[in-house]
Amino acid sequence: MSTLSENPFVGRRPGRRWASHGAKALCVLATAMALAGLLVVLGYIGVKGMAYLTPAFFTHLPLQTPEGMRNCIIGTAILVGLAGLVGVPVGMLCGIFLAEYAPRRPLAQMVQLTMDVLAGTPTIILGIIAWQLVVVPQQHQSGWSAALALAFIMVPIVARATEEMLRLVPQPHREASLGLGASKAQTLFRVILPAAQAGIATGIMLAVARVAGETAPLLFTALGNDQAVYDPNGPYPSLTLKIWQYSQSAEPDWRHQAWVAVLVLVTLVLLFSAAVRFAVRGRQPRRS
Amino acid sequence: MAPPQVTDMVGRLHGHSLPAPAAKTIPITAPAKPAAYAIEMENLEVFYGKQRAVHGVNLRVRRNEVTAFIGPSGCGKTTILRCLNRMNDLIPHCQVRGSIKIHGADVYSRRTDVMELRKRTGMVFQKANPFPRSIFENVAYPLRIHGVRGKHVLAAKVEQALRAAGLWEEVKDRLHVSGAALSGGQQQRLCIARALAADPDVLLMDEPCSALDPIATKGIEALINQLCQTITIVIVTHNMHQAVRVAHQTAFFYMGSLIESGPTDKIFNTPDHPQTLAYVTGQFG
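Taken in sequence, the protein lines are chains X and P. With the first letter of the first sequence counted as 1, position 149 gets the number 149 in this note's numbering; the numbers rise by one all the way through. Adding 288 to a residue's 1-based position in the second sequence gives its number in this note's numbering.
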């Protein structure tokens, strides 16, 4: 016989509640650690970079007085742009092929494996391949070879992002479109890609941020250049190369310049990401 | 039902767009008996891989009437519905045998343009599936993909379709709001409006009210009653009362076979087959 004093809702296994609190505490702790690390890195870059930041950095060339890296900023932007011109369409089309045209076929599995291998290849090796394909026949370093190396890096990132985002588009959207008499291509371009555009844009952003920070594949492809010369047939200026070169210099001024370059690179990538996010968000229809 | 006159055959929702297909045009000198059937299935068999889902179905669907497909889950009614506009083409290893004719034209012929077939054979799905864009763009979509251009033409046709679906009064002031912002019943009527905008002769409805509350269901059913004056409607339903309310004809399927079909009244009151009687009286299913 139970009486009122025997409350049936009193937990018999209090350990469960503690385990639940513990799991939550672990998650919070891990998040705090990750955030702290990120803030330390960004803060350090900010402090170090701001200390030596001058307007001349954006207007002057290296080896001028005062020193600047105008050409390197422009060079990195052009290199990433050239790589994107190849890497983004090729990656997107690969992703579309994998998600929409050949899911689960042996060919698709082969392409997927290739993409995974390419994504996991150390970027310096992709640089060597670009060197072998372009620099060796041309007999000199060039912007083209650097752009090719960066495009190699972008393709698998963009392809994977595109494929995964397309797979997330609900099947009923495809059925609705096809059921109205739309062709496969119409369905793809008018329904599926627009529905996935935010995710695909994030993937492209990620790829751009990745290659903007690449140094290793540029070492023997772009080589670097201290002039305001942007002919892709010749050696090319790049921020990351300059950072690499100046950071190991004995000259304190150059090391300071490297910190400024790091700050500028990080800021540019952040601004680009924010711009893409903003552009994509603006296209969704209003909810009310 | 329909007298054998050309005007009646093409007097549809709106008289724009592509000319009616040859099979649909009935010459003035045609025999006195009009084509009473919009859809004719002969020996229809459907396989998913090696498994046979539909066994030799012979069924004719009357023009400009509502025909309900009823039966327990897995009886093949949705499979058959999706054969009619070849949506089953999307399912790998799905194989269709036998013949389906819509207005005399062979659906599974090699020469069939599947896109044109689907344009003329609209489909409304179990779960409302508006595109994640504005109400206007949802309804304009079939018009755009079939080459309708011009701001005013589009606006007029979108209004026409929304009126036909009984949604115009509710949304006319917020056509540029996302279709996903509407209520469940409104979303389903939006999907019906979208299907109507393509100007179909046949509307296939796959349990269109199964996710809706009774009031929204009532709205859709009233719409069905109205639409069947100009188009042929096939509706798959789990709700036997709904079949009684909306359908002129009812076909009962069980285990992939057509057990019995005929006027709804007869199927529900004096069916020939004991299985039909057992199902409609709620003894199984």
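Yeah, the Cβ is synthetic: ideal placement off N, Cα and C, and Gly gets one too.
Within the segment 190-209 of chain X, the residues whose Cβ lies closer than 8 Å to any Cβ of chain P are, in chain order, Arg-190, Val-191, Pro-194 and Ala-195.
A Cβ-Cβ contact shorter than 8 Å links Glu-495 (chain P) with His-526 (chain P). In the same chain as His-464 (chain P), and ignoring 5 residues on each side of it, the C-beta atoms closer than 8 Å to its own belong to Ser-422, Ile-423 and Phe-424, in chain order. Among the residues of the segment 416-437 of chain P, those with a Cβ less than 7 Å away from any Cβ of chain X are Asn-417, Phe-419, Pro-420, Arg-421, Ser-422, Tyr-429, Pro-430, Ile-433 and His-434, in the order of the chain. Here the segment 176-190 of chain X makes no contact with the segment 206-226 of chain X; the two share fewer than three CB pairs at distances below 8 Å. Annotation note: the segment 51-94 of chain X contains the following uninterrupted alpha helix (DSSP H) runs of length 4 or greater, listed N- to C-terminal: 56-59. Residue burial annotation: Arg-105 (chain X) is exposed, with fewer than 16 other C-beta atoms found within 10 angstroms of its C-beta. In the three-state DSSP reduction, Val-117 (chain X) falls in the helix class (H, G or I). For the pair Leu-93 (chain X) and Ala-250 (chain X), the Cα-to-Cα distance works out to about 47 Å. Uninterrupted beta strand (DSSP E) stretches at least 3 residues long and entirely within the segment 353-407 of chain P occur at 354-358 and 382-390, given in chain order. When C-beta atoms of the segment 142-160 of chain X are compared with those of the segment 447-460 of chain P, fewer than three pairs fall below 8 Å, so the two segments do not count as touching. Under a criterion of Cβ atoms nearer than 9 Å, the residues of chain P adjacent to Glu-175 (chain X) are, in order, Met-375, Leu-378, Met-411, Phe-413 and Asn-417.
Positions of the alpha helix (DSSP H) runs, each at least 4 residues long and wholly inside the segment 454-478 of chain P, are given as 456-459 in order along the chain. The secondary-structure analysis by DSSP pairs Phe-540 (chain P) across a beta bridge with P:Ile-358 and P:Glu-548.
For Gly-199 (chain X), the enclosing alpha helix (DSSP H) has its first and last residue at 193-212. At least one CB atom of chain X sits nearer than 8 Å to the CB of Met-403 (chain P). Within 10 angstroms of the beta-carbon of Asp-487 (chain P) lie 16 or more other beta-carbons, which makes it buried. Taking Leu-478 (chain P) as reference, the option from X:Pro-156, X:Gln-186, X:Ala-176 and X:Gln-197 with the minimal CA-CA separation is X:Ala-176. With the rule of 3 Cβ pairs closer than 8 Å, the segment 224-244 of chain X does not count as touching the segment 11-19 of chain X. With the criterion set as a beta carbon lying under 7 Å from some beta carbon of chain P, the members of the segment 154-184 of chain X are Pro-172, His-173, Glu-175, Ala-176, Leu-178, Gly-179, Leu-180, Gly-181, Ala-182 and Ser-183, in sequence order. Selection P:Asp-489, P:Ser-498 and P:Tyr-396 evaluated against Gly-473 (chain P) yields P:Ser-498 as nearest (Cα-Cα). DSSP, reduced to helix, strand and coil, places Arg-348 (chain P) within a strand of the structure shown.
Judged by DSSP secondary structure, Glu-175 (chain X) falls within the alpha helix (DSSP H) whose first and last residues are 171-179. If the five residues before and after His-343 (chain P) are omitted, its C-beta is found closer than 6 Å to the C-beta atoms of Gly-544 and Ser-545, all from its own chain and listed in chain order. Note on Met-411 (chain P): 16 or more other CB atoms within 10 angstroms of its CB, so buried under the neighbour-count rule. For Gln-248 (chain X), not one C-beta of chain P is nearer than 8 Å to its own C-beta.
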